[in-house]
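Count the sequence shown with the numbering used here and you get residues 4 to 52, in order. Positions of the beta carbon are idealized from the N, C-alpha and C atoms, including for glycine. Okay, so here's the structure we're looking at.
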Amino acid sequence: RPSGEKETIEKFIDSLRPEQPPLSRIDDINVAWKAPTGEFSAFQVGASC
Numbered sequence: 004r005p006s007g008e009k010e011t012i013e014k015f016i017d018s019l020r021p022e023q024p025p026l027s028r029i030d031d032i033n034v035a036w037k038a039p040t041g042e043f044s045a046f047q048v049g050a051s052c
């Protein structure tokens with residue numbers, strides 16, 4: 004299921020700041036929970052350079 008479980012997504016969001024690379028900067032995180040539309044079939048976070 005591409006949309007994922009809400010708890011899994013919340014854990015991912017909560018891990019962004021503590022696990023960010025030393026030279027990265029997160030100014031703000033905005034979340035808007037919406038019903039899945041089926042528009043996307045997958046989601047992937049790739050490695051940064």
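### Query
Just reading off the alpha helix (DSSP H) that E22 is part of, what are its end residues?
If you number the sequence shown from 1, residue 22 lands on position 19. Unbroken run through E22: none, as it is neither H nor E.
### Query
By Cβ distance below 6 Å, which residues in the same chain neighbour P24 in space, the five residues on each side in sequence not counted?
Working through the sequence shown from its first residue, we reach residue 24 at position 21. Take P24, set aside five residues on each side of it, and no residue of its chain has a beta-carbon closer than 6 Å to its own.
### Task
Measure the alpha-carbon distance for T40 versus D17 and round it to whole angstroms.
On the sequence shown, residue 40 is found 37 positions in, with the first residue counted as 1. On the sequence shown, residue 17 is found 14 positions in, with the first residue counted as 1. Between the C-alpha atoms of T40 and D17 there is a straight-line separation of about 24 Å.
### Query
How many whole angstroms separate the CB atoms of R20 and I29, which I take to be in contact at a CB cut-off of 8 Å?
Sequence index remark: in the sequence shown, residue 20 carries index 17 (1-based). Sequence index remark: in the sequence shown, residue 29 carries index 26 (1-based). Yes, they are in contact, since the Cβ atoms of R20 and I29 sit about 6 Å apart, within 8 Å.
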